[in-house]
Ligand code: GLC
Ligand code: CA
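In the numbering used here, the protein residues as written are 37 to 568.
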């Protein structure tokens, strides 16, 4: 049961469900909300406190739900409003809160606001989007590039102006300088909060505001991270405007107006810890949690991880919590990206994510160590990546959840073709791993349970402890230490007197440690340290 003494989002674990791929209840090959309800017992058993649902709104699905055509309804492929209400209730009875994905930066070009906006220059919703005249030679108004490649401007032939789209041309950017747009989203937030939604993951949270003077972005330099260099420019005018913070202070007031359990989680594509920290405001007046993509894109090396965690901890305002994640529907799965598909590495990564100070976000399948699936080109559905595009296809991390070793992976009915192909469910599935106490699934569950049992793991401060090369060791509070050996060499780490609470090699659980902890290659342990 939920423990009301703790603030659920600070101390808990949040789990991302990519709804189309979680569980198909009606045999059309597409995961749906009823499927999520039917698998809540798994999430309750695992011990998660919150679920973030990838977009559930009606959408033409050019960007799989991130092109919203109606912010107040449910996509018919996924269910309806009543099923969503039922999900909120059923999850709540298991102590699990539901977060929705909110996409405020842009709408679908089929959204009635945009259909109206493009109908004429003096349409009622014209100013809800960003329009600009062509340059004298007919070219786009400035050099802004879309995150998905190419110019961020599309000419609308009917009205003779360009509109801004930081993503696909079918995802026109809203004009966040418009008070009407702001008012519309305040109402959308309230609409869902009133239905019992615990909060939102805010899509492209660093992107909403654009420079009203439409100044050209400066070129990238060699000092910029690869993400920025790839695009050739620093996106300081089309995205990343400081004026966005005022919007979030307003939203925080709306959330706090309900109760302290309503939260705002931000997708923040920023790589500078100070810039990330700004989204937390002064610690309690902006966003509750912000994703940290520096860690996501880091090499899985002790020195790199220690550096990123340290600089994040150092930058956040007092009282703020980091958020840690390894996988999502855009960046791929950590067992592939960080760990080369090796389970010993994945266990170390999972142990770190679940024992750092901060709120861990698991992506469906992380708990069984699912890896990215090589989706054949003919089966790829992601319009953004793959083929000749600038980015790899994102389909490989969106394949069906592997519930069982059956040909349908327990995702859909036998003989039904799932919307994306199924990975290697014969070697990794929930059913098989539940039976095995030494499995990755049971490691994940036991680490989550340990967080509940040990106050240090929830709220103890983080401090790095000097360790041999390739090893990352840190303390949480006074009595807890975690050490992971991210190298191919066996090592010994000076620890003091301690007991292994949980090891990535489970046969070591309960082992007493007298002074030095020995760890094999790619092995980790959470230790209770005897008070000195
Ligand atoms: C976010 C989403 C991604 C989507 C993009 C545009 O980055 O996570 O899936 O394509 O926004 O909405
Ligand atoms: Ca279905």
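Using N, Cα and C, we set each Cβ at its ideal position, and we do this for glycine too.
- For residue 246, the three-state secondary structure derived from DSSP is coil.
- Excluding the 5 residues flanking it on each side, residue 415 has same chain C-beta neighbours closer than 6 Å at 457, in chain order.
- Taking 8 Å as the cut-off, the Cβ atoms of residue 374 and residue 381 count as close.
- Here residue 156 is exposed: its Cβ has fewer than 16 other Cβ atoms, across all protein chains shown, within 10 Å.
- In its chain, beyond the 5 residues on either side, 188, 201, 202 and 203 have a beta carbon closer than 7 Å to the beta carbon of residue 182.
- Around the beta carbon of residue 363, 16 or more other beta carbons lie within 10 angstroms, which makes this residue buried.
- One residue after another in chain order, those with a Cβ under 6 Å from a heavy atom of ligand 2 are 60, 61, 62, 64, 66 and 68.
- Non-local C-beta neighbours of residue 319 in its own chain, meaning closer than 6 Å and more than five positions away in sequence, comprise 353, 354, 355 and 356, ordered along the chain.
- Within its own chain, the residues whose Cβ lies closer than 7 Å to the Cβ of residue 107, once the five positions on either side in sequence are excluded, are 93 and 224, listed in chain order.
- Scanning 112, 164 and 87 for the CA closest to the CA of residue 135 turns up 87.
- Counting of Cβ neighbours within 10 angstroms places residue 227 among the exposed residues, the total staying below 16.
- Under DSSP, residue 551 forms a beta bridge with 532.
- Taking 8 Å as the cut-off, the Cβ atoms of residue 281 and residue 322 count as close.
- Residue 223 carries a helical assignment under DSSP once its states are collapsed to helix, strand and coil.
- As summarised for the region 297 to 382, the continuous alpha helix (DSSP H) elements at least 4 residues long and confined to that stretch are 309 to 314, 329 to 332, 338 to 351 and 370 to 373, given in chain order.
- The three-state secondary structure of residue 135, taken from DSSP, is strand.
- A straight line joining the alpha-carbon of residue 167 with that of residue 328 spans about 32 Å.
- Contact annotation: residue 469 and residue 463 have beta-carbon atoms that are not nearer than 8 Å.
- In this structure, the C-beta of residue 99 approaches ligand 1 to less than 7 Å from one of its heavy atoms.
- Between residue 261 and residue 307, the beta carbon gap of about 5 Å places them in contact (Cβ cut-off 8 Å).
- When beta bridges are read from the DSSP output, residue 559 appears opposite 521.
- Residue environment analysis places residue 95 among the buried positions, since at least 16 neighbouring C-beta atoms fall within 10 angstroms of its C-beta.
- Residue state for residue 492 is assigned as helix, using DSSP reduced to three classes.
- DSSP places residue 86 in the strand class (E or B) of the three-state scheme.
- Beta-carbon to beta-carbon, residue 398 and residue 360 are separated by about 10 Å, too far to satisfy the 8 Å threshold.
- Taking the C-beta atoms as reference points, residue 120 is found no nearer than 8 Å to residue 238.
- Looking at the DSSP output, residue 142 sits in a beta bridge with 209.
- Here residue 326 has 302, 304, 312, 315, 316 and 359 as same chain residues with Cβ atoms under 7 Å from its own Cβ, once five neighbours each way along the sequence are excluded.
- Runs of the alpha helix (DSSP H) spanning 4 or more residues and lying entirely within the region 382 to 453 do not occur at all.
- In the displayed model, residue 66 falls within coil according to three-state DSSP, outside both helix and strand.
- A direct Cα-to-Cα measurement between residue 400 and residue 133 gives close to 16 Å.
- In this structure, residue 207 has its beta carbon less than 7 Å from a heavy atom of ligand 1.
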